[in-house]
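Before any comments, here is the structure.
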Amino acid sequence: MLSKKMEQELNEQINKEMYSAYLYMSMSAHSTNTGLPGFANWFMVQYHEEMEHAMKIYDYVNDQGGKVKLKAIDEPLSTFKDAMDMFQKTLKHEQFITKSINELVDLAIKEKDHATQIFLQWFVTEQIEEEGNDNDIIAKLKLAGDKGNGLFMIDKELGARVYTLPAESTE
Ligand code: FEO
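Structure, rendered in structure tokens:
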């Protein structure tokens, strides 16, 4: 069973994950628009992952007998300076999400809510991977340059990213 406070904060996190999906969808559209199909693919895969994160929390709140309350999703940015700008903004956003997940864990510890603590561990691990991916791509953009041949090569690499459906959805 969830406390009212925990239910409210998990609902906030659903909204943050939905906003993340919206932001990366916007970056995907911008990438398509600026001739970067590989970046567009990468951000669209990220969009699907964020929707999956939102749904994980949605299912958890329901499973715990809580009430899911959906809120309005803020309008994301729609223009970006270049590929580096998109990834710097992605990293900054993921750092914000990591902080938000950590605060949820703090609340679960404070409330001695062991089920939610265990549930959130998946998100703690996921955030390490997400920030790691963003840092890697930023490093590549710094190394190869964010224009010309270097950018073309990175675009090709990001075009190979494939979204894998979560196990429970493949049945
Ligand atoms: Fe759902 Fe990108 O964290």
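Just so you know, we're using the numbering used here here: the sequence shown kicks off at 12 and counts up by one.
Beta carbons are placed, not taken as given, at the ideal position from N, Cα and C, and that holds for glycine.
Residue i vs residue j beta-carbon contact at 8 Å
i           : j           : result
residue 132 : residue 105 : no
residue 52  : residue 169 : yes
residue 111 : residue 19  : no
Contact belief for residue i with residue j at Cβ below 8 Å, rounded distance in angstroms
i           : j           : result
residue 148 : residue 91  : No, residue 148 and residue 91 are not in contact; Cβ-Cβ is about 14 Å, not under 8 Å.
residue 120 : residue 27  : Not confirmed; about 20 Å, so no contact.
residue 95  : residue 157 : 5 Å
residue 59  : residue 174 : 5 Å
residue 165 : residue 152 : 6 Å
From the options, residue whose alpha carbon lies closest to that of residue i
i           : options               : result
residue 16  : 145, 156, 107 and 114 : 114
residue 39  : 66, 71 and 88         : 88
residue 167 : 37, 22 and 50         : 50
residue 141 : 64, 37 and 127        : 64
residue 85  : 151, 34 and 178       : 34
residue 69  : 81, 58, 178 and 174   : 81
Through-space distance from residue j to residue i, alpha-carbon basis
i           : j           : result
residue 62  : residue 125 : 25 Å
residue 79  : residue 12  : 14 Å
residue 77  : residue 83  : 19 Å
residue 181 : residue 74  : The pLDDT assigned to residue 181 is 46, lower than 50, so where the model puts this residue is not dependable; a value taken from the coordinates is nonetheless given after this. Going by the C-alpha atoms only, they are around 20 Å apart.
residue 55  : residue 29  : 13 Å
residue 46  : residue 154 : 21 Å
residue 123 : residue 31  : 29 Å
residue 71  : residue 22  : 11 Å
residue 44  : residue 36  : 12 Å
Heavy atom of the ligand ZN within 7 Å of residue i beta-carbon
i          : result
residue 39 : The ligand ZN is not part of this structure, which contains only the ligand FEO.
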